[in-house]
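Colleague:
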Amino acid sequence: MLKQRIESDLKEAMKQKDELRTSTLRMLLAAVQNKEISLTKKDEGLSEEEFLQVIRSEVKKRKEAAEGFEKGGRTELSEKEKKEAEILEIYLPAELSEEELNVIVKQVMRDLGASSEKDFGAVMKGVMTAVLGRAGGNRVADAVKRYLRDL
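Quick note: the sequence shown, position 150, residue 146 per the working numbering, numbers continuous.
Below, the structure written as C-alpha coordinates:
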(Lines of atoms letter the chains of each structure in order from A and count residues from 1; the text may use other names and numbers.)
(Lines give C-alpha, C1' and ligand atoms only; values in the text may rest on other atoms or scores of the structure.)
Protein backbone atom coordinates (compact mmCIF):
# COMPACT_ATOMS: atom_id res chain seq x y z
CA MET A 1 0.00 0.00 0.00
CA LEU A 2 0.98 3.62 -0.43
CA LYS A 3 1.47 4.26 3.28
CA GLN A 4 4.09 1.50 3.57
CA ARG A 5 5.89 2.88 0.52
CA ILE A 6 6.00 6.35 2.09
CA GLU A 7 7.21 4.97 5.43
CA SER A 8 9.92 3.03 3.60
CA ASP A 9 10.94 6.14 1.64
CA LEU A 10 11.03 8.09 4.92
CA LYS A 11 13.46 5.58 6.44
CA GLU A 12 15.63 5.77 3.31
CA ALA A 13 15.61 9.59 3.41
CA MET A 14 16.63 9.49 7.07
CA LYS A 15 19.51 7.13 6.27
CA GLN A 16 20.65 9.45 3.47
CA LYS A 17 20.28 12.48 5.79
CA ASP A 18 18.00 14.17 3.24
CA GLU A 19 16.41 16.71 5.58
CA LEU A 20 13.90 18.19 3.12
CA ARG A 21 12.57 14.80 2.02
CA THR A 22 12.50 13.55 5.62
CA SER A 23 10.54 16.53 6.92
CA THR A 24 8.16 16.48 3.95
CA LEU A 25 7.35 12.78 4.36
CA ARG A 26 6.95 13.18 8.13
CA MET A 27 4.54 16.05 7.51
CA LEU A 28 2.59 13.90 5.06
CA LEU A 29 2.34 10.98 7.49
CA ALA A 30 1.17 13.40 10.21
CA ALA A 31 -1.52 14.75 7.87
CA VAL A 32 -2.62 11.18 7.12
CA GLN A 33 -2.76 10.38 10.81
CA ASN A 34 -4.82 13.53 11.47
CA LYS A 35 -7.24 12.52 8.71
CA GLU A 36 -7.53 9.01 10.17
CA ILE A 37 -8.35 10.48 13.56
CA SER A 38 -10.89 12.95 12.14
CA LEU A 39 -12.62 10.13 10.24
CA THR A 40 -12.28 7.76 13.24
CA LYS A 41 -10.41 5.26 11.08
CA LYS A 42 -7.30 4.93 13.21
CA ASP A 43 -7.54 1.14 13.38
CA GLU A 44 -8.37 0.31 9.75
CA GLY A 45 -6.59 3.24 8.11
CA LEU A 46 -7.61 5.34 5.14
CA SER A 47 -8.77 3.94 1.83
CA GLU A 48 -6.49 4.44 -1.15
CA GLU A 49 -8.72 7.28 -2.44
CA GLU A 50 -8.78 9.04 0.96
CA PHE A 51 -5.01 8.70 1.14
CA LEU A 52 -4.62 10.28 -2.30
CA GLN A 53 -6.97 13.10 -1.25
CA VAL A 54 -4.66 13.90 1.66
CA ILE A 55 -1.63 13.96 -0.65
CA ARG A 56 -3.45 16.19 -3.16
CA SER A 57 -4.47 18.53 -0.36
CA GLU A 58 -0.89 18.78 0.90
CA VAL A 59 0.43 19.42 -2.63
CA LYS A 60 -2.16 22.16 -3.09
CA LYS A 61 -1.15 23.76 0.23
CA ARG A 62 2.51 23.75 -0.82
CA LYS A 63 1.77 25.33 -4.20
CA GLU A 64 -0.41 28.03 -2.65
CA ALA A 65 2.25 28.77 -0.04
CA ALA A 66 4.90 28.98 -2.77
CA GLU A 67 2.78 31.53 -4.64
CA GLY A 68 2.31 33.55 -1.47
CA PHE A 69 6.02 33.55 -0.69
CA GLU A 70 6.80 34.52 -4.26
CA LYS A 71 4.42 37.49 -4.09
CA GLY A 72 6.02 38.50 -0.81
CA GLY A 73 9.51 38.39 -2.31
CA ARG A 74 10.62 35.34 -0.30
CA THR A 75 12.02 33.28 -3.15
CA GLU A 76 14.02 30.91 -0.90
CA LEU A 77 10.87 29.87 0.97
CA SER A 78 8.96 29.67 -2.30
CA GLU A 79 11.58 27.28 -3.71
CA LYS A 80 11.40 25.12 -0.58
CA GLU A 81 7.61 24.83 -0.89
CA LYS A 82 7.89 23.96 -4.59
CA LYS A 83 10.43 21.23 -3.82
CA GLU A 84 8.15 19.80 -1.12
CA ALA A 85 5.27 19.74 -3.61
CA GLU A 86 7.47 17.88 -6.11
CA ILE A 87 8.37 15.29 -3.47
CA LEU A 88 4.68 14.74 -2.66
CA GLU A 89 3.61 14.56 -6.32
CA ILE A 90 5.72 11.43 -6.73
CA TYR A 91 3.05 9.54 -4.78
CA LEU A 92 0.12 10.72 -6.92
CA PRO A 93 -1.08 8.77 -9.96
CA ALA A 94 -0.19 10.21 -13.36
CA GLU A 95 -2.49 12.99 -14.53
CA LEU A 96 -4.86 12.29 -17.40
CA SER A 97 -4.05 13.97 -20.68
CA GLU A 98 -6.56 16.45 -22.07
CA GLU A 99 -7.64 13.92 -24.72
CA GLU A 100 -8.20 11.16 -22.13
CA LEU A 101 -10.23 13.52 -19.96
CA ASN A 102 -12.34 14.61 -22.94
CA VAL A 103 -13.09 10.98 -23.83
CA ILE A 104 -14.26 10.29 -20.27
CA VAL A 105 -16.42 13.44 -20.17
CA LYS A 106 -18.07 12.53 -23.50
CA GLN A 107 -18.69 8.95 -22.35
CA VAL A 108 -20.25 10.00 -19.02
CA MET A 109 -22.43 12.59 -20.75
CA ARG A 110 -23.59 9.96 -23.24
CA ASP A 111 -24.28 7.43 -20.46
CA LEU A 112 -26.28 9.96 -18.43
CA GLY A 113 -28.03 11.47 -21.42
CA ALA A 114 -26.89 14.95 -20.38
CA SER A 115 -28.65 17.56 -22.49
CA SER A 116 -28.17 20.90 -20.75
CA GLU A 117 -26.12 22.78 -18.17
CA LYS A 118 -28.66 21.66 -15.56
CA ASP A 119 -26.98 18.23 -15.71
CA PHE A 120 -23.65 19.67 -14.56
CA GLY A 121 -23.74 18.12 -11.06
CA ALA A 122 -24.59 14.64 -12.26
CA VAL A 123 -21.96 14.75 -15.00
CA MET A 124 -19.32 16.05 -12.57
CA LYS A 125 -20.09 13.24 -10.13
CA GLY A 126 -19.80 10.63 -12.85
CA VAL A 127 -16.59 12.04 -14.29
CA MET A 128 -14.92 12.45 -10.89
CA THR A 129 -15.73 8.81 -10.12
CA ALA A 130 -14.34 7.73 -13.50
CA VAL A 131 -11.07 9.68 -13.28
CA LEU A 132 -10.25 8.32 -9.81
CA GLY A 133 -8.14 11.29 -8.78
CA ARG A 134 -6.10 11.44 -11.97
CA ALA A 135 -7.46 14.91 -12.79
CA GLY A 136 -8.14 17.87 -10.53
CA GLY A 137 -11.66 19.07 -9.88
CA ASN A 138 -11.05 22.38 -11.62
CA ARG A 139 -9.82 20.67 -14.80
CA VAL A 140 -12.81 18.33 -14.79
CA ALA A 141 -15.27 21.18 -14.16
CA ASP A 142 -13.79 23.20 -17.05
CA ALA A 143 -14.06 20.23 -19.43
CA VAL A 144 -17.64 19.44 -18.36
CA LYS A 145 -18.71 23.08 -18.72
CA ARG A 146 -17.10 23.29 -22.15
CA TYR A 147 -18.99 20.23 -23.41
CA LEU A 148 -22.31 21.21 -21.80
CA ARG A 149 -22.10 24.68 -23.40
CA ASP A 150 -21.50 23.12 -26.82
CA LEU A 151 -24.68 21.02 -26.66
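Glycine is no exception: its CB is placed at the ideal position from the N, C-alpha and C atoms.
Could you check the C-alpha separation between Lys57 and Leu24 for me, to the nearest Å?
Modeller: Cα to Cα, the separation comes out at about 12 Å.
Colleague: Are at least three pairs of beta-carbons, each pair with one atom in the segment 96 to 116 and one in the segment 65 to 78, less than 8 Å apart?
Modeller: No contact exists between the segment 96 to 116 and the segment 65 to 78.
Colleague: Would you decide whether Glu75 is buried or exposed? Buried here means 16 or more other CB atoms lie within 10 Å of its CB.
Modeller: Burial call: exposed.
Colleague: Please report the distance separating the alpha-carbon of Gly129 from that of Met120.
Modeller: Computed Cα separation, rounded: 13 Å.
Colleague: Starting from the Cα of Gln49, find the closest Cα among Glu113, Lys59 and Lys31 and give me that residue.
Modeller: Ranking Glu113, Lys59 and Lys31 by Cα distance to Gln49 puts Lys31 first.
Colleague: On the three-pair Cβ rule with 8 Å, is the segment 89 to 99 touching the segment 127 to 141?
Modeller: Touching, yes, given that three or more Cβ pairs across the two stretches are closer than 8 Å.
Colleague: Please tell me whether Glu46 and Leu84 are closer than 9 Å, where the distance is taken between their beta carbons.
Modeller: Taking 9 Å as the Cβ cut-off, Glu46 and Leu84 do not qualify as a contacting pair.
Colleague: Could you tell me whether the Cβ of Lys56 comes closer than 9 Å to any Cβ of chain C?
Modeller: Within the model displayed, chain C is absent; a lone protein chain is all it includes.
Colleague: May I have the straight-line CA-CA distance separating Ser111 from Ala118, to the nearest angstrom?
Modeller: The alpha-carbon atoms of Ser111 and Ala118 are separated by roughly 11 Å.
Colleague: Express the C-alpha separation of Asn98 and Asp115 in angstroms, rounding to a whole number.
Modeller: Approximately 17 Å, taken between the alpha carbons.
Colleague: From this set, Glu113, Met124 and Thr18, which residue's C-alpha is nearest Arg142's C-alpha?
Modeller: If we check each option's Cα against that of Arg142, Glu113 comes out closest.
Colleague: Can you tell me whether Met(-3) is helix, strand or coil according to DSSP?
Modeller: Correct three-state label for Met(-3): coil.
Colleague: Here's a check: name, in chain order, each residue in its chain whose Cβ is nearer than 7 Å to the Cβ of Arg17, leaving out the five neighbours to either side.
Modeller: Excluding sequence neighbours, Arg17 sits near Ala9 and Ile83.
Colleague: Compare the C-alpha of Glu26 against each of Ile51, Lys59 and Ala61 and name the closest.
Modeller: In the sequence as displayed, the identity of residue 26 is Ala instead of Glu. For Ala26, the nearest C-alpha among the options comes from Ile51.
Colleague: From the DSSP output, in three-state form, read off Lys112 for me.
Modeller: Reading off the sequence shown, one finds Ser at residue 112, where the question assumed Lys. Ser112 falls in the coil class under three-state DSSP.
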